[in-house]
Amino acid sequence: MSDFTRFTNPFIYRILLAAALAAPAGFAADGVIEISQARALEGGITEMDQPGFPVTLSRTGAYLLTENLEVEEAGLTAIEIVAPTVDLDLNGFVIEGPVVCDFQERGDSCSGSVQGLGGWGVDVVFDGHGGKVHGGSIRGMGRGGIILATVGFTVSDMTIVGNGGEGIWSPGFGVMGAFLIESNVVTHNRSIGIDVSLSLVRNNTVFRNGSWGINAFKSNSVENTVSSNAGVGIQGSSANGLIRANVVAANTGAGIASASCLILDNVSAENGQEQLDMSAGVGEGGAGWGGNNLTRKGLPGQCGIGPCELFTPPAAPGSAFEVSPNTCNGALCDPPEPPIVQPL
Amino acid sequence: MAILFCGAGFGHSDMKRQTTASTASFFGGCSSGFFILRALLIAALAAGSAFAADGVIEINQARALAGGVTEGDEPGFPVTLAESGGYLLTGNLLIESASTTAIEITASTVDLDLNGFTIEGPIVCDFEERGDSCTEGSGGWGVAVGPAAPGSRVHDGSIRGMGAGGVNAGSTSIISAVTVTGTGGTGISVAGGIVENCMVLVNHGIGITAVSAVVRANMVARNGGFGISAFTSNVLDNHVMGNRGGISQSGPAVLTGPSVPARIHGNVVADNEENGIDCGSCTVLDNAIFDNGDLQLNMRPDGDGAWGGNNLSCCTDGSPFLNLFSVPENVHEVAPNSCNGARCFDLSGI
Numbered sequence: 006m007s008d009f010t011r012f013t014n015p016f017i018y019r020i021l022l023a024a025a026l027a028a029p030a031g032f033a034a035d036g037v038i039e040i041s042q043a044r045a046l047e048g049g050i051t052e053m054d055q056p057g058f059p060v061t062l063s064r065t066g067a068y069l070l071t072e073n074l075e076v077e078e079a080g081l082t083a084i085e086i087v088a089p090t091v092d093l094d095l096n097g098f099v100i101e102g103p104v105v106c107d108f109q110e111r112g113d114s115c116s117g118s119v120q121g122l123g124g125w126g127v128d129v130v131f132d133g134h135g136g137k138v139h140g141g142s143i144r145g146m147g148r149g150g151i152i153l154a155t156v157g158f159t160v161s162d163m164t165i166v167g168n169g170g171e172g173i174w175s176p177g178f179g180v181m182g183a184f185l186i187e188s189n190v191v192t193h194n195r196s197i198g199i200d201v202s203l204s205l206v207r208n209n210t211v212f213r214n215g216s217w218g219i220n221a222f223k224s225n226s227v228e229n230t231v232s233s234n235a236g237v238g239i240q241g242s243s244a245n246g247l248i249r250a251n252v253v254a255a256n257t258g259a260g261i262a263s264a265s266c267l268i269l270d271n272v273s274a275e276n277g278q279e280q281l282d283m284s285a286g287v288g289e290g291g292a293g294w295g296g297n298n299l300t301r302k303g304l305p306g307q308c309g310i311g312p313c314e315l316f317t318p319p320a321a322p323g324s325a326f327e328v329s330p331n332t333c334n335g336a337l338c339d340p341p342e343p344p345i346v347q348p349l
Numbered sequence: 002m003a004i005l006f007c008g009a010g011f012g013h014s015d016m017k018r019q020t021t022a023s024t025a026s027f028f029g030g031c032s033s034g035f036f037i038l039r040a041l042l043i044a045a046l047a048a049g050s051a052f053a054a055d056g057v058i059e060i061n062q063a064r065a066l067a068g069g070v071t072e073g074d075e076p077g078f079p080v081t082l083a084e085s086g087g088y089l090l091t092g093n094l095l096i097e098s099a100s101t102t103a104i105e106i107t108a109s110t111v112d113l114d115l116n117g118f119t120i121e122g123p124i125v126c127d128f129e130e131r132g133d134s135c136t137e138g139s140g141g142w143g144v145a146v147g148p149a150a151p152g153s154r155v156h157d158g159s160i161r162g163m164g165a166g167g168v169n170a171g172s173t174s175i176i177s178a179v180t181v182t183g184t185g186g187t188g189i190s191v192a193g194g195i196v197e198n199c200m201v202l203v204n205h206g207i208g209i210t211a212v213s214a215v216v217r218a219n220m221v222a223r224n225g226g227f228g229i230s231a232f233t234s235n236v237l238d239n240h241v242m243g244n245r246g247g248i249s250q251s252g253p254a255v256l257t258g259p260s261v262p263a264r265i266h267g268n269v270v271a272d273n274e275e276n277g278i279d280c281g282s283c284t285v286l287d288n289a290i291f292d293n294g295d296l297q298l299n300m301r302p303d304g305d306g307a308w309g310g311n312n313l314s315c316c317t318d319g320s321p322f323l324n325l326f327s328v329p330e331n332v333h334e335v336a337p338n339s340c341n342g343a344r345c346f347d348l349s350g351i
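Those protein sequences? They're chains A and B, same order as listed.
The first sequence lines up with residues 6 to 349 when you count with our numbering.
The second sequence lines up with residues 2 to 351 when you count with our numbering.
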């Protein structure tokens, strides 16, 4: 053995050992924490993580799915986020539960769903504020896709399909809200597709869910495509908000229902009831509408279970104002003449 | 040197042969030298080299403390990015002092990918309250882009608890998909550029300040100052909620004047404590403005503005006309506006 190798071999050994220690199981060399089925079952992904599901992410940082996660029990949540500014990259993989759906039908055909606290693909508790889930799929989870019980969270570039309840849901009480929900595909879930408050809901496709497409309280619902859901396409609730530039079609209920939002530049067509229903609930302050294109070519008696109207004015006279012309089956809509607000 | 030159002159096939031989005789002569080189390379990569395989320069806590991320980068914070190119965070950065900046960009056309990680400072906030509950800080930004570094991009990660604020871009930059929460000052400040798809939440001061910028599709909530303060900017499709004030057209004193416009379009502005939208020479179109504590829309008389297509709602438990809007005669109604479900009076609503 030369002097050189006598000197270097223990040195090399120490370097290799140090490198191995610097990259323990579950941690990629670049510091992203990896999540796989085996590591989920083993536990210890973060300090608070117990063996099995849910995987608990209790440390700020970046997490990466490295394979599909399979959750066999409908009542178990796959991943819960309990630390702030966690970035969970599903990396194209799927969180998969046991709920079975007939994808030829709507989401109300799904079976195997559960009620209760567990069974979500991703559960974000309040301390999980400021985080993000993106870039993968959640399919067949017992209770639903994602629950946001926090303030300030982003869900983007997700496919959320065939889950046992809502696709994306926030309980919506207290200080919860301020969510960015964008560029997701939310289809065939058993209940509402996207049900959030105080949020920006943008550029999503919401299709064939078993209840309303989007229910957004005090939110922007912008540039979404919402079709073939069981019930209302976009429900603006009885609170204010903005519903703009959406395509809303072939839902079984009204296309857009809101008593007090600003409703602009939407296409609402061939929904089972009104294309635009401004009589829904008691509005907080009144609605504005303009630039919408409302279309329903169905013959009388072919309009589903409810009225076959293009639009329904507010229940209270003078509580909606047409800020620009709207078209109804190719002609100008004919809303009732509103009063003018005078100064005191 | 022995490693480099013992096999000098071998071609690719020779190299392959030497490598194979080295696996058979780990501790022997020249072939083991080549293996050593490979081992050192592998070890260095595993431990977090400064350079990723694609040439992106990696930044993590250890490398920040060691210095030398770029030429001239001193040990500790701030990490100075003095060369154009791509940079990638490979771990969270923890900043202990509220007066210390984490990353300072001094070269043009730097791409800083936060890669899902968080730059974290010491400011503490109560996330059940508004940002004025945060400790006020100063001096330390998450990312500071120098005035001579145009064309930079900061994206895809989080900044939390920094003393002065999240991102301070002193030259034209793109800030996208960045979450800035719980800082002691301003969330994001840009002088030229684009701020889009960002979450700006519970900061002590203003959420986003923008001069000559596009501010689009951001969630701006519960900040201790105005949600968005914009000057000669295009403010589009944002959700501005629960801040001290909503959207204000204001800017540096040296630039203020009656003739500099801003465009405010398609935003939801709600539940702010003071005015919803407060501008001089703005064009205010198609916004939903409601439940703000003072006026929903205050068009100041210091500029020639325009408004149309907005829905203003407030205070239905009292007078339906109180706290809706103030619009001077030099502001033109380019399309009708809705006030509590009726047409707003054309000039002044209070």
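In this text, a Cβ means the ideal position worked out from N, Cα and C, and glycines have one as well.
**Prompt:** From residue 136 of chain A to residue 330 of chain B, what distance separates their C-alpha atoms?
**Reply:** 46 Å
**Request:** Note down, in chain order, each residue of its chain lying with its Cβ closer than 6 Å to the Cβ of residue 192 of chain B, except the 5 sequence neighbours on either side.
**Result:** 171 and 212
**Prompt:** Among residues of its own chain, excluding the 5 on either side of residue 27 of chain A, which ones have a beta-carbon nearer than 6 Å to its beta-carbon?
**Reply:** Bear in mind that the predicted position of residue 27 of chain A carries a pLDDT of just 40, short of 50, making it too unreliable to give a figure here.
**Request:** Starting from residue 222 of chain A, follow its DSSP beta bridges and name the residues at the other end.
**Result:** A/202
**Request:** Whole angstroms is fine: what's the gap from residue 76 of chain B's alpha carbon to residue 326 of chain B's?
**Result:** 54 Å
**Message:** Quick check on DSSP: helix, strand or coil for residue 217 of chain B?
**Reply:** strand
**Prompt:** Expressed to the nearest angstrom, what Euclidean distance is found between the alpha-carbon atoms of residue 59 of chain B and residue 81 of chain A?
**Reply:** 37 Å
**Request:** Taking only beta-carbon positions, decide if residue 44 of chain A is within less than 8 Å of chain B.
**Result:** no
**Item:** Every unbroken beta strand (DSSP E) inside the region 96-128 of chain B [3 residues or more]
**Value:** 104-106, 111-114 and 119-121
**Prompt:** Mind checking if residue 202 of chain B is an interface residue toward chain A, Cβ cutoff 8 Å exclusive?
**Reply:** yes
**Item:** Local Cβ density within 10 Å of residue 103 of chain A, reported as buried at 16 or more and exposed below that
**Value:** buried
**Prompt:** Around the C-beta of residue 159 of chain B, are 16 or more other C-beta atoms found within 10 angstroms, so that it is buried, or is it exposed?
**Reply:** buried
**Three-state secondary structure assigned by DSSP to residue 336 of chain B** = coil
**Asked** Do the CB positions of residue 120 of chain B and residue 99 of chain B come within less than 8 Å of each other?
**Response** no
**Prompt:** How should residue 334 of chain A be labelled, buried or exposed, when 16 other C-beta atoms within 10 angstroms of its C-beta is the threshold for buried?
**Reply:** exposed
**Message:** Tell me which residue opens and which closes the beta strand (DSSP E) that residue 249 of chain A is part of.
**Reply:** 247-249
**Request:** Might you give, ordered along the chain, the residues of its own chain that have their beta carbon closer than 6 Å to the beta carbon of residue 307 of chain B, omitting 5 neighbours on each side?
**Result:** 284, 333 and 335
**Item:** residue 120 of chain A versus A/59, A/148, A/283 and A/174, residue with shortest Cα-Cα distance
**Value:** A/148
**Item:** Extent of the continuous alpha helix (DSSP H) to which residue 44 of chain A belongs
**Value:** 42-47
**Request:** Check each candidate in B/314, B/164 and B/339 and name the one with the smallest Cα separation from residue 329 of chain A.
**Result:** B/339
**Message:** As a quick exercise: from B/102, B/118, B/83 and B/115, pick the residue whose alpha carbon is nearest that of residue 109 of chain B.
**Reply:** B/83
**Item:** The beta strand (DSSP E) enclosing residue 161 of chain B, as first and last residue numbers
**Value:** 153-161
**Prompt:** From residue 180 of chain A to residue 231 of chain B, what does the alpha carbon distance come to, in whole angstroms?
**Reply:** 27 Å
**Request:** Determine whether the Cβ of residue 173 of chain B lies closer than 8 Å to any Cβ atom of chain A.
**Result:** no
**Request:** Using a threshold of 8 Å, state whether the C-beta atoms of residue 145 of chain B and residue 105 of chain B are closer than that.
**Result:** yes
**Message:** Rounded to whole angstroms, what is the Cα-Cα separation between residue 276 of chain A and residue 310 of chain B?
**Reply:** 26 Å
**Request:** Run the CB neighbour count on residue 108 of chain A, radius 10 Å, all protein chains shown included, and call it buried at 16 or more, exposed below.
**Result:** exposed
**Item:** C-alpha gap between residue 97 of chain B and residue 318 of chain A, whole angstroms
**Value:** 58 Å
**Message:** Contact between the region 192-199 of chain A and the region 170-178 of chain A is defined here as three or more beta-carbon pairs at a separation below 8 Å; is this criterion met?
**Reply:** yes
**Prompt:** At which residues does the beta strand (DSSP E) containing residue 1 of chain B begin and terminate?
**Reply:** This structure does not reach residue 1 of chain B, given that chain B is present from 2 up to 351, and the question cannot be answered.
**Item:** For residue 69 of chain A, the residue or residues it bridges with in DSSP
**Value:** A/39 and A/94
**Message:** Going by DSSP in three states, residue 334 of chain A sits in which element: helix, strand or coil?
**Reply:** coil
**Message:** Between which two residues does the beta strand (DSSP E) holding residue 285 of chain A run?
**Reply:** Element bounds for residue 285 of chain A: n/a, residue is neither H nor E.
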